[in-house]
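Notes follow once the structure below has been shown.
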Amino acid sequence: MSVQQIKNYLTLVRFPNLFTLPSNVLAGYFSSNTYNEIEINTIILVILSSACLYAAGVIFNDIADRQIDRKERPNRPIPSGKVTQRSAIILALLLMAISITVSYLISAVTFIVGFILIATIMLYDFVLKNSFFGPVVMGATRVLNILLGASPNLSNLIVGQFDDGLYRLCLVCFSEFVYIAGISALSRYETNKNSTFHLRWFHTIPFLLPLSISVYTASVGLFNGNAWIYLFIFGSFIFSTLKFATSSKPMTNSMVQGIISLLIVGIIVHDAVYIGGSLDSWHLGMGTFIFLVPTILLGKKFYVT
């Protein structure tokens, strides 16, 4: 396989976006496990399972969109013929098989969550993506990704072994859900037939609400004081991004795509609030920002939407 072929496949799976998945897993794992010993091997396996499912999901997404992409995005791997549909399907099925196998090795709960996530991905790609419920289902996939990270601890949470653990995890999931649903809804304007798009005040709600949820969780002590450090970073990111978006009136499709790319990077910043707020040492959570480097740098070479 040539270097160009490898690049085509990396483009197909939205390679930069894969680095936004570990923060989901870590947010789920640490927000649901603040007392037990950290199992590094388990975390790595869950991240592998998550990455395989995401990659398979975006491949099936492009397969479902192949007719539309021939008109609106002809340079993408499948409509351009750089990757054949048959090869794409084989790769997606292989990735799903790897994910399910790894999930089975982790725990029964992880295995079940993985299957539910697969069903949700397929439902989004082939049934609900272009419907009113599309952004809702997309948000649900990221929630399930967080639950995948929390799955090694879910049985303990359900029986009430960890104080406030289930409530904390639910708030993390809800915050992520709103944020991702907002990105998904905004992405519908990326290929809008109109040449321009005006960002209205109601478009900012899905990004300000997660910030409010983060403030609440830190204020009531569900997460430790370290959360405020990351909350300041997340808040600065959200306000600067929205300021840029609202100051650009009207926005072209390419500008909308740029805003979406920024908000996708912000997933890592969002998750860092809950990761950092779950760890004893404030600087340990800073390791989450390592994932920003490949996400941003690779985002300049591969498309992410």
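Start counting the sequence shown at 73; every next residue gets the next number (the numbering used here).
Backbone N, C-alpha and C define an ideal beta-carbon position, used for all residues, glycine too.
Exercise. With 16 other CB atoms within 10 Å as the buried threshold, where does residue 355 fall?
Worked result: The residue is exposed, with fewer than 16 neighbouring Cβ atoms inside 10 Å.
Exercise. Rounded C-beta distance between residue 347 and residue 367? I'm assuming under 8 Å.
Worked result: Their Cβ separation, rounded to whole angstroms, is 16 Å, which puts residue 347 and residue 367 out of contact at 8 Å.
Exercise. Candidates 324, 371 and 351: which alpha carbon is nearest residue 110's?
Worked result: 351
For this session: Using the Cα positions of residue 226 and residue 101, report the straight-line distance between them to the nearest angstrom.
Result: 9 Å
Exercise. Does the distance from the CB of residue 104 to the CB of residue 237 come in under 8 Å?
Worked result: yes
Problem set entry | Proximity to residue 172 [Cα-Cα], best of 83, 186, 90 and 218 | 186
Exercise. Looking at residue 247 and residue 301, is the spacing between their C-beta atoms short of 8 Å?
Worked result: no
Exercise. Is DSSP giving residue 309 helix, strand or coil here?
Worked result: helix
Exercise. Residue 224 and residue 377 look like a contact to me (Cβ under 8 Å); what is the Cβ gap, rounded to whole Å?
Worked result: With 8 Å as the limit, residue 224 and residue 377 do not qualify as a contact, their Cβ atoms being about 32 Å apart.
Exercise. Is the Cβ-Cβ distance between residue 90 and residue 178 less than 8 Å?
Worked result: No.
Exercise. What is the C-beta distance between residue 218 and residue 244, in whole angstroms, given that I count them as a contact (C-beta under 8 Å)?
Worked result: 6 Å
Problem set entry | Backbone CA spacing between residue 295 and residue 139 [nearest angstrom] | 47 Å
Exercise. When the Cα atoms are used, what is the spatial distance from residue 240 to residue 221?
Worked result: 14 Å
For this session: Going by CA-CA distance only, name the one from 310, 167, 75 and 143 that's closest to residue 251.
Result: 310
Problem set entry | Coil, strand or helix - residue 355 by DSSP | coil
Exercise. Is any heavy atom of the ligand NAP found at a distance shorter than 7 Å from the C-beta of residue 120?
Worked result: As for the ligand NAP, it is missing from this structure, which has no ligand bound.
For this session: Could you spell out where the alpha helix (DSSP H) holding residue 22 opens and where it closes?
Result: Limits of the chain in this structure are 73 at one end and 377 at the other, which puts residue 22 out of reach.
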